[in-house]
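Worksheet for the structure shown next.
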Amino acid sequence: MHTVGPTDSGREASPESEQKMAALGYVQEAWAEARLDGIDDDCMAMTCLFAAFAELVGVYGEEAAAKYADTLSNRIRNGEFTLDQTPQ
């Protein structure tokens, strides 16, 4: 299991990375449509997490999905999921 993230400048994006960025675009479009329909961002976030983990469990099994989830707190703290990385 890998994460979605920006590619390093100067390096060509791999097909897997390009597919992940395209998938992220689809999710962001759906999120924007839901927001226009009045769906709360927190509701969307929790629902997306549920759907994502349900899919991971279905594909990889509970133990592998749980091991993946165990890595998330450090990755969040390290900024892997921060899309707007402007210097402060």
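By this note's numbering, the letter at position 24 of the sequence shown is numbered 24, and the numbering carries on one by one without gaps. The beta carbon of each residue, even a glycine, is placed where N, CA and C say it ideally should be. Please read these numbers as outputs of a predicted model, since none were measured by experiment.
Subject >> For Glu12, the three-state DSSP class (helix, strand or coil) >> reply: coil
Original post:
From which residue to which residue does the alpha helix (DSSP H) around Asn74 run?
Top reply: Leu72 to Arg77
**OP:** Determine the direct distance from the alpha carbon of Phe53 to that of Met46, and round the result to whole angstroms.
**Re:** 11 Å
Subject >> Those runs of the alpha helix (DSSP H) which lie wholly inside the segment 25–71 and span at least 4 residues >> reply: 41–60 and 62–70
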